[in-house]
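Okay, structure first, notes after.
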Amino acid sequence: MKKFRKVLDGLTTSSPGVTIGSPSCGSAAGTPTAAPTPREIDVQETLVSENFQLCKTVRHGFPYQPTALAFDPVQKILAIGSRTGGVRILGRPGVDCYCQHESGAAVLQLQFLINEGALVTACADDTLHLWNLRQRRPAILHSLKFNRERITFCHLPFQSKWLYVGTERGNTHIVNIESFILSGYVIMWNKAIELSTKTHPGPVVHLSDSPKDEGKLLIGFESGTVVQWDLRVKKADFRIYYDEAIHSVSWHHEGKQFMCSHSDGSLTMWNLRNTTKPFQVTFPHGKIQKDGRKESCKPILKVEYKTSRNSEPFVIFSGGLSYDKAGRRPTLTIMHGKAITVLEMDYPIVEFMVLCETPYNNEVQEPYAVVVLLEKDLIVVDLTQSNFPVFENPYPMDVHESPVTCTAYFADCPPDIIPILYSIGAKHKKTGYSQKEWPITGGTWTLGSHTYPEIIITGHADGSIKFWDASAITLQMLYKLKTSKVFEKPKPGEGRAADLVEEDPFAVQMVSWCPQSRIFCVVGISAHIILYRFSKYDANTQIVSLEVRLQCEAEDVISPSENENNPCFSEPSSHSPQLHHQHPVSPGNRTPEGSKDSVPCLKVKDRVVRVPPGYQSELVIQLLWVDGEPPQQITSLDINSAYGLLAFGNCNGLAVVDYLQKTILLCMSTLDLYGASDPYQRLTRSPRRNRQSTSEFCMRGLSNFYSDSKKRIRTSYQSLTELTDNQQSIDMERSKSPTSESRENSFSRSRSSSVSSIDRDTKEAITTLQFGESYGRKSDALPTPCLWVGTSLGVALLIPMSIPTDQEERMEEPVTIGPSGAVQMLKGSVLRFGFLDCMGGIIQSPYEVWKDPNAPEDPDRPRRRKLVHFSPSSSQDAYGEGHLAVVCSERQAKIFLMPSQSCLYVHNITESSFVLRADVVSVSNSVCLACFCANGHVMTLSLPSLRPLMDVNYLPLTDMRIARTFCFTNGGQALYLSSPTEIQRITYSQEMCDNLQEMLGELFTPIETPEAQNRGFLKGFFGGNAQTFDREELFGEAAAGKASRSLAQHIPGQGGMEGMKVAASGVVGDLARARIALDERGQRLGELEERTALMMTSAETFSKHAHELMLKCKDKKWYQF
């Protein structure tokens, strides 16, 4: 805890040129300000470094680039491996865990230790890992790195501790799961096949133990060779040589026959009585052509053969379609008796798995569902119904339904907003799902005590908006909004849309939401803004359209001043942006040269439309083409429901709209905003000289989303929507900042004390906007509505406004905007404004309390606007005490005292990088400034003293997607898009890190393993497991010896030996071990009794012999011995 005081008597601000350059917080003495200034600021700072710790909380969405799938049929949990080394483990809703291999190697295969609380992963770097799932955050217990061979397939029999590992060379190794040590028992490929075979059989593609006899291992080689290996006698029972390559093998549960899938689209059935040839060969999708030959088919990549008591067996496979039709969608085929059902998938099938009632492979399987892992989706098919419906997926696997282009995160929302959004969104849910419950029900999860309403908003490339309930570290979609419905559908290849963004003209760039008033604003890629109001009633509405001509006619460039410390001030430019109000121009309107002019990019529906309950569009604002050049993308937006105002800006200037009166109040170039306070000297060029590059110039470096080399909106937008996970961190570092064309030169040298030395060709964009109660001028005694404006050149402007307070006057009288007041300077683009009272508490922006605009009116109670204001003076003893303004830029943060405009504190956040995102957030009942830098550092600074509290190098390389989607919120939380399909949530609060264990779900729950069915006397006598199979006796060190040390290297994991023992011993395993221990104890007791009896007999014999000897020697003298 730190207490500090700042005496402000007699302090006044210096000129802007001096303010930015002085790292100290003081200013020259001068005339006191006219406004009353506090004698001292007394802020009790409570935050210390111990309040902060950075850690990941949970990951939502579909696993990016999935590669493998596994299911525990007893615990009923599902695991998905990915190409980047990630493992997602899913159970009942709320049970969702993400693990990551440090190597980042792709996961090739997953194997659960069924009902043991452990998972084996095989990775592309030829390493096996054992994960302990008996803790809320799984950890690796052991790793085994193969040095000379590449892993291709793994198989772990149920209730076995020996893992079979097939390799690329065709060999099969055996690993002890408990110790993770390689056995000396090896099945070499040349022993498995006949010596007369001249060719190598290829890699091992299948391993499975026979359901009839665990001592028989079926080995499938890629070339088409199948061998059944007798593990006891170490020789092959039979060998099958087939012409077509094998992809998978599946047993019938009786162990007398099995099925293979092949590369020619065929399925072969083999009987163990006659392995010379298959007794059945089928081409499920191969038609007979006119010449009598079968048409060629694609490979069947996997087949599963599952039996059912009350019906025909199921044969389920992927692939196998004929080559005759190009562009056919991937399919999963279900053959049930004579019926063949083909399920078409939206994406390629990565893996599928049939879920069965029993974990035993020698019992009737009774399949009830199929889990199908696609490249971009996860679906589960219900096999118990004849039409095979799909289960409704409870996980948020459709985050990427359309590529995510922006995110927003709101913690501690009004509690009524989530239920009402859910009730509206539930009306539009899809139907036709299976009526049964989701079959993946493993784990346990309870709603923790540290929960509060949280909402995540995602904007997408197709113009859709999704509201998600993110409370209690879960994610559930509440409501979906389609912004494209506001516009007429653009005709492909013609009209204005074709010249811009043919594929994604409605893509969302940013959103602004006021949860209290439920006002929602969307900024789109086509330089459009849509304002929505929320209503529980449907309505007929006419969308109002405003068109704004926000384009600089002159080329205003900044020139270095002759004297750096005394910037020259020029008169405002006479070329201000022009505006058009509610006068749509026909699409064909063109200038005499044939180029477009005064035309918006999209056409708003001009008829009355019926809108359903939910968010209903009220106003559309569009920027216009000017002289054949498209409008520049909007770079900043803010909306205030209490004022009824909306402000937005781009590289050309600023516009303020009164959305209550549907009028444009201000439309002005950035240069004109300064008035006489312009801190730069600007040289005017001929407009024609640089006309052709205006569009290209403004698109460069105006947002974090686009690289410097893009020339058109479409090409610049591709990097935003593409799903390829390209790490563009090097390009990002090279471009250095999203807000100027020549930024790499601009920041290659340190800035001098004046920003007037900015590069000659730099233009000034509006980078951030914030409405709030403040003091427009030093002389103001009372706070008034103001608009804070931040620019790409580090300038912070304050624009005062006069808003009628009476409701009737507000709807009729115009809002007046005064000339700009305070001008402050910072290094780098201004990113964020925040306001604190003089006690250090955060000041919320005023808002209007929500009232349904379409609710039936009560004549007795006329509808009036209810406003909530948070005045800067509300927490002060004396009225008009002032407030603190927090201004953060790419390079530094400053604290200003208003209205005197004195700089109290300044902190240079970074010199080597730049800040991408900054927010004033509440943490642990206090306030701090949270920053995320382009070099991956996450930092927090105390307020108002700007003391560094935390600096963590969280992401060593930051790519464009993370830069675009990273956002902070209250409660010490943040999120970003970790991949094109996944949202990663993190916390920087120590308190939440401490409570995280309570919030996460349990993956493992103690469950009794189902008992094996009684097979019956006759079945057991004639064909059952006559011989007991002791793997320990065969594979243990005593019998098989030690494996070569150079073959594989054992790497202990973080869990250690104790964790390994916990993971390797399930509940049933414990019972079995207890029984064995009791048996051994009883056996030892029996042996002890026998030994005791022998000792007693021996003692009696000895006593008898001793007595006889005594009698014999009783009468002898001593010398007779």
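Just so it is clear: in the sequence shown, position 881 is 868 by the working numbering, and no numbers are missing. Each residue gets a CB set at the ideal place from its N, CA and C atoms; glycine is no exception.
Rounded to whole angstroms, what is the Cα-Cα separation between residue i and residue j?
| i | j | result |
| --- | --- | --- |
| GLY636 | PHE507 | 18 angstroms |
| LEU942 | CYS42 | 12 angstroms |
| LEU1096 | PHE1089 | 10 angstroms |
| PRO574 | THR428 | The predicted position of PRO574 is uncertain, since its pLDDT is 40 and thus under 50; a value taken from the coordinates is nonetheless stated next. Their backbone Cα atoms lie some 56 angstroms apart in a straight line. |
| LYS469 | ASP593 | 18 angstroms |
| HIS47 | SER965 | 10 angstroms |
| SER929 | THR657 | 32 angstroms |
| LEU983 | LEU903 | 27 angstroms |
| THR1079 | GLU103 | 41 angstroms |
| THR18 | GLN888 | At THR18 the pLDDT is 28, less than 50, meaning the model places this residue with poor confidence and gives no usable figure here. |
| SER451 | VAL495 | 8 angstroms |
| LYS199 | GLY242 | 5 angstroms |
| GLY662 | ILE786 | 11 angstroms |
| CYS915 | VAL893 | 14 angstroms |
| PRO300 | HIS323 | 6 angstroms |
| GLN863 | ILE829 | Residue placement at GLN863 is poorly supported in this model, since its pLDDT is 45, which falls under 50; the coordinates still yield a value, given next. Whole-angstrom Cα-Cα distance: 13 angstroms. |
| SER250 | VAL162 | 30 angstroms |
| PRO791 | CYS501 | 21 angstroms |
Look at the Cβ atom of residue i, then the Cβ atom of residue j, and state whether they are nearer than 8 angstroms.
| i | j | result |
| --- | --- | --- |
| VAL817 | ALA872 | no |
| LYS765 | PRO666 | no |
| ILE127 | LYS148 | no |
| GLY314 | HIS272 | no |
| ALA950 | ALA921 | yes |
| ILE180 | THR159 | no |
| ASP839 | SER522 | yes |
| LEU518 | LEU610 | no |
| LEU533 | VAL644 | yes |
| LEU120 | ILE174 | no |
On a Cα-Cα basis, can you pick out the residue from the options that is closest to residue i?
| i | options | result |
| --- | --- | --- |
| GLN757 | PRO381, LYS750, LEU641 | LEU641 |
| GLY1117 | ASP217, ALA109, TYR762, ASN957 | Because the chain spans -12 through 1108 in this model, residue 1117 falls outside it and cannot be assessed. |
| ALA905 | PHE375, SER889, ASN957 | ASN957 |
| SER471 | VAL607, VAL74, TRP775 | VAL607 |
| TYR834 | PRO967, CYS638, LEU632 | LEU632 |
| PHE454 | ASP369, GLU800, GLY601 | GLY601 |
| SER36 | GLU751, VAL939, LEU462 | VAL939 |
| SER807 | GLY615, MET788, ARG797 | MET788 |
| GLN1000 | GLU1020, TYR347, ALA448 | TYR347 |
| PHE375 | VAL329, GLU760, ARG219 | VAL329 |
| GLY171 | LYS185, VAL351, VAL152 | VAL152 |
| LYS274 | ILE1038, VAL351, TYR310, ASP112 | TYR310 |
Would the C-beta of residue i count as close to the ligand SAH, meaning under 7 angstroms from any of its heavy atoms?
| i | result |
| --- | --- |
| SER976 | Within the structure as shown, the ligand SAH is missing, as the structure has no ligands at all. |
Here's the rule: buried if 16 or more other CB atoms are within 10 angstroms of the residue's CB, otherwise exposed. What is residue i?
| i | result |
| --- | --- |
| THR438 | exposed |
| LEU813 | buried |
| PRO770 | buried |
| ASN627 | buried |
| CYS1100 | exposed |
| VAL836 | exposed |
| ASN895 | exposed |
| LYS1091 | exposed |
| GLN977 | buried |
| LEU1081 | exposed |
| THR20 | Because THR20 carries a pLDDT of 33, less than 50, the predicted location of this residue cannot be relied on, and the following value inherits that uncertainty. Buried is the call here. |
| PRO383 | buried |
| MET340 | buried |
| THR320 | buried |
| PRO440 | buried |
| MET937 | buried |
Of all the alpha helix (DSSP H) runs that stay within the bounds of the segment 777 to 852, which reach a length of 4 or more residues? 794 to 799
Ignoring anything shorter than 3 residues or poking outside the segment 882 to 957, list the beta strand (DSSP E) runs there in chain order. 889 to 895, 902 to 910, 913 to 920, 924 to 929, 935 to 940, 954 to 956
Which runs of the alpha helix (DSSP H) spanning at least 4 residues fall entirely within the segment 296 to 347, listed in chain order? none
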